[in-house]
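Worksheet: one structure, shown below.
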Amino acid sequence: MARFDGWGVGVFGALTLVLGITSVSGVLMGVALCAVASVELWSARRLQRLEWKSTRVLGVNQLALAGVLIVYASWRIYHEMNGTGEYAAIAASNPDLGQMLGPVEDLTRMITLAIYGGMIAVAVFAQGGLAMYYFTREKYVRAYVAETPEWVIAVQKAGSIL
176 MARFDGWGVG VFGALTLVLG ITSVSGVLMG VALCAVASVE LWSARRLQRL
226 EWKSTRVLGV NQLALAGVLI VYASWRIYHE MNGTGEYAAI AASNPDLGQM
276 LGPVEDLTRM ITLAIYGGMI AVAVFAQGGL AMYYFTREKY VRAYVAETPE
326 WVIAVQKAGS IL
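At the far end of the sequence shown sits residue 337, using my numbering, and the numbering has no gaps.
Here is the structure:
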């Protein structure tokens, strides 16, 4: 799960970095996602070697990802709701056109709230749930290491199995 999540976040981070290169928030978001992906993949390798502390790192990393997503979504909602969006620039340059686009701006605000509100909900439930899952795995990894013969652990830590 950690490897899949790490690669998935890494791909989205790279795409965000490349596509958002002209935006400070896009670059920051891309860098943050790539950092989260790196920690996720590094911790997945540690978990494969049966290092129980990696479960904590994976849990905290999921909370960090949730934080990044929540901050970004909140920033986008704030940006749109305070009149600093695209329609505000159009209305400032051409008031008549701005008045005609009023209903479209309202619709855009509603869609923005839905999309970024949904992103916040996903961050809370998906990343929060995955963090809880990782935090509860520590005792199972410890028990497995304690109850499994040493030669099996040595083979698994060497990467031959798993």
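Positions of the beta carbon are idealized from the N, C-alpha and C atoms, including for glycine. Because the structure is a prediction, the values reported are computed rather than measured.
Considering Cα atoms alone, identify which of the options is closest to residue i.
i	options	result
residue 281	256, 223 and 295	256
residue 313	253, 272, 289 and 233	233
residue 179	192, 205, 203 and 214	214
residue 302	217, 186, 205 and 245	245
residue 242	269, 217, 275 and 208	208
residue 203	284, 240 and 283	240
Tell me which residues share the same chain as residue i and place their Cβ nearer than 6 Å to its Cβ, disregarding the 5 neighbours each side in the sequence.
i	result
residue 273	265 and 266
residue 194	none
residue 306	234, 237 and 238
residue 287	255
With DSSP run on the structure shown, which of helix, strand or coil describes residue i?
i	result
residue 306	helix
residue 236	helix
residue 337	Note that residue 337 scores 49 on pLDDT, short of 50, meaning its location in the model is unreliable and no value can be drawn from it.
residue 252	helix
residue 196	coil
residue 323	coil
residue 224	coil
residue 176	coil
residue 272	helix
Less than 7 Å between C-beta atoms, sequence neighbours within five positions excluded: which residues of the same chain meet that for residue i?
i	result
residue 309	230, 233, 234 and 237
residue 300	none
residue 337	Its pLDDT being 49, under 50, residue 337 is placed unreliably by the model, and nothing is read from it.
Would residue i and residue j be called neighbours here (beta carbons separated by less than 9 Å)?
i	j	result
residue 383	residue 248	No answer is possible for residue 383: the residues shown for the chain start at 176 and end at 337.
residue 225	residue 295	no
residue 126	residue 250	Examination of residue 126 is not possible in this model, given that the chain is present from 176 through 337 alone.
residue 210	residue 181	no
residue 222	residue 289	no
residue 320	residue 227	yes
residue 192	residue 205	yes
residue 304	residue 252	no
Kindly list the residues whose CB is nearer than 8 Å to the CB of residue i, restricted to its own chain and excluding five residues on each side of it in sequence; keep chain order.
i	result
residue 317	227
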